[in-house]
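Order-wise, the sequence lines are chains A and B.
To convert, note that position 57 of the first sequence is 55 in this note's numbering; the numbers rise steadily by one, no gaps.
Position in the second sequence (first residue = 1) + 359 = this note's numbering.
All C-beta atoms, glycine included, are put in the ideal place defined by N, C-alpha and C.
Since this is a predicted model, take the numbers as computed values, not measurements.
Worksheet: the structure to be examined is printed underneath.
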Amino acid sequence: MSQFVICINNQGNQASLIVGKVYRRLPDSQAEAHQMFRIVDEDKSEPEGYLYPASMFVPVELPEEVQRVLMAAESGG
Amino acid sequence: MGQSFRIISDIRNIETIASGRGVHIRKYLERYYGRGRWRKMKGVATVELADGTFWEAEIHWYEAHGIGRRDFKIKRLIR
């Protein structure tokens, strides 16, 4: 499972998601059974993220170095 | 409210989670919806997901007087 996705549609959640931005996806089998992803969106006060339709994102594979940087930025602010 | 899911009941157990500077995405809320005294809220409602199934869900949203409720999001599915 790709840990990262790019937002391609933020309709209805314009403040929480930015189109073209990479977000971290957290494992959530219940959400995935309903074609949803658990996403850490712009509201970093919610580290466990929110459920969004998978159709609003495209999974991407990022180089390990990029993943490390993004994870560090997320946890360190 | 957007296309991600549909709220099909009244929202119950409404609480304010954050207000003022405690609303972390305030700058985006102001950019897209306008300036206001934004509050972050939570509650429980029956929702219809994009796949057509119905769930009780904890939902969060942001609201400001004169602007209304924006950016409804599902925190978790309850049953």
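Interface with chain B (8 Å Cβ-Cβ cutoff): A:L68 is excluded. Interface with chain A (8 Å Cβ-Cβ cutoff): B:T412 is included. Between B:A404 and B:D369 a beta carbon distance of about 7 Å is seen, short of the 8 Å cut, so the two are scored as contacting. Listed as beta-bridge partners of B:S378 by DSSP are B:R398. Not a single CB atom of chain A sits nearer than 8 Å to the CB of B:H424. A:E63 has its alpha-carbon roughly 43 Å from the corresponding atom of B:N372.
For A:L60, there is no enclosing alpha helix (DSSP H), as DSSP marks it with neither H nor E.
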